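I have placed the structure first, in the form of structure tokens, so that the comments after it can refer back to it.
Number of protein chains: 2
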Amino acid sequence: MTGTVIWLTGLSGSGKSTIARAAEAELRASGLRVEVLDGDAIREEFSRGLGYSKLDRDENVRRAGYVAGLLAHHGVVVLVALISPYRAARNQVRQEMAAAGIPFIEVFVNAPLEICESRDPKGLYQRARRGEIPSFTGLEDPYEPPLSPEVECRTDLETVETCVRNVLNALKS
Amino acid sequence: MTGTVIWLTGLSGSGKSTIARAAEAELRASGLRVEVLDGDAIREEFSRGLGYSKLDRDENVRRAGYVAGLLAHHGVVVLVALISPYRAARNQVRQEMAAAGIPFIEVFVNAPLEICESRDPKGLYQRARRGEIPSFTGLEDPYEPPLSPEVECRTDLETVETCVRNVLNALKS
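Structure follows, in structure tokens:
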């Protein structure tokens with residue numbers, strides 16, 4: 207059985223990890239093998255030394271895609287929760303999964319910047335506004351939204367439950 | 207079901223990948239899920255930018271251990287074929303696997319340096335002798351053999367078949 211890569215992209219504070227963790231719990235309860243790779247773990251575990259230039263961000267996305275693909279190849283449903291701001295890098299992962307016969311579901315976790323900044327769960331926007339984090343996505347650095355994601359979650363308008371249900375429906379179909 | 211990490215360490219040309227690929231074929235034929243992570247793929251897929259200092263080699267080993275652990279956690283038998291010259295870094299992986307409840311089999315793929323150099327399947331010793339590869343393990347850089355590996359394969363004395371059988375016996379027990 208081949209797994210699936212569910213790729214959650216969006217601004218910091220948009221709700222990627224929240225949706226990933228809630229979906230993980232439901233999928234695990236239904237007996238599937240599930241793994242969440244989130245941005246912090248990816249940086250810590252196999253991207254130490256990479257920075258936040260476009261080149262380094264794209265390499266970070268490529269590595270996350272590679273590891274997710276390895277797991278999915280062995281039947282794991284992998285939820286990747288990663289800002290992954292550049293469209294071309296995400297599409298590169300999509301193409302590699304297609305070439306490997308692994309289903310790929312891109313989930314655009316979308317909320318207006320102002321909402322994400324008001325949530326600021328890790329205090330990162332505050333630090334970025336003070337100039338302590340250069341190249342912060344959404345402020346100095348661009349975020350390129352997906353043009354045709356399989357799922358869009360409007361986390362400023364929809365509940366977590368609705369978002370998770372839409373992600374799981376996409377997985378079933 | 208939890209998988210296993212089979213960690214093949216040894217000099218370049220000692221026969222790590224040969225044993226890994228042969229074991230992979232047998233394990234797959236018996237219906238297990240198997241993945242080989244070899245040194246070149248590890249460098250290419252999630253360690254671009256790392257060099258060959260002790261620090262970078264140790265980080266490379268750590269990453270390989272992390273990815274192998276992720277796969278084994280989901281039931282995959284993972285064969286890691288990596289020079290991994292430093293004992294402490296290998297033992298660190300061993301400890302992390304133990305903490306995660308993942309069986310860890312260290313395989314010392316052992317042949318005298320002269321034999322490895324005479325095989326030189328990738329021409330690396332030749333290049334290193336010409337000064338084109340600094341910090342080459344076994345020449346300028348040290349190789350610290352395991353003190354108590356689960357398996358030792360003497361590839362100068364034993365056939366590939368014998369080596370694979372010894373690895374698979376360790377896996378069964």
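Respectively, the protein sequence lines represent chains P and R. Heads up, the first sequence is in this note's numbering, so the first residue is 207 and it goes up one at a time. Heads up, the second sequence is in this note's numbering, so the first residue is 207 and it goes up one at a time. Positions of the beta carbon are idealized from the N, C-alpha and C atoms, including for glycine. Quick caveat: nothing in here was measured; it's all calculated off a predicted structure.
* **Members of the region 234–248 of chain R that neighbour chain P once the beta carbon cut-off is set at 7 Å** => Arg239, Glu241
* Give the interface partners of Tyr272 of chain R over in chain P, defined as CB-CB distance under 8 Å, in chain order. => Glu251, Phe252
* When the Cα atoms are used, what is the spatial distance from Thr361 of chain P to Leu319 of chain P? -> 12 Å
* **Paired residues, beta bridge with Ala287 of chain P - DSSP** => P:Leu214, P:Asp244
* Give the secondary structure of Arg336 of chain P by DSSP, where H, G and I count as helix, E and B as strand, and everything else as coil. => coil
* Asked: Going along the chain, which unbroken runs of the alpha helix (DSSP H) with 4 or more residues stay wholly within the region 256–333 of chain R?
  -> 260–279, 293–305, 319–325
* Counting pairs of Cβ atoms below 8 Å between the region 308–323 of chain P and the region 237–247 of chain P, do you hit three or more? -> no
* To do: Assign Thr224 of chain P to one of two classes, buried (16 or more other C-beta atoms within 10 Å of its C-beta) or exposed (fewer than that).
  => buried
* So, helix, strand or coil for Glu367 of chain R, using DSSP? -> helix
* Asked: What do you get for Arg335 of chain R, buried or exposed, if any count of 16 or more other CB atoms within 10 angstroms of its CB means buried?
  -> exposed
* Partner residues on chain R for Glu265 of chain P, Cβ-Cβ distance less than 7 Å -> The answer, in chain order, is Arg254.
* To do: Report yes if the C-beta distance between Thr226 of chain P and Leu214 of chain P is below 7 Å; otherwise report no.
  => Correcting the residue type first, residue 226 of chain P is Ala in the shown sequence and not Thr. Closer than 7 Å, so yes.
* To do: Indicate whether the contact test is met: 3 or more Cβ pairs, each with one atom in the region 284–298 of chain P and one in the region 322–338 of chain P, closer than 8 Å.
  => no
* Asked: Measuring CB to CB, does Tyr292 of chain P end up less than 7 Å from Glu350 of chain P?
  -> yes
* Pick helix, strand or coil for Ser254 of chain P, following the three-state DSSP scheme. => Correcting the residue type first, residue 254 of chain P is Arg in the shown sequence and not Ser. In this structure, Arg254 of chain P counts as coil in the three-state DSSP scheme.
* Residues of chain P with CB under 8 Å from Arg269 of chain R, in chain order? -> Glu251, Phe252
* Could you list which residues in chain R have their beta carbon closer than 7 Å to that of Val286 of chain P, in chain order? => Neighbours of Val286 of chain P across chain R, judged by C-beta separation under 7 Å, do not exist; the nearest C-beta is about 13 Å away.
* Determine, using beta carbons only, whether Val282 of chain R comes closer than 7 Å to chain P. => yes
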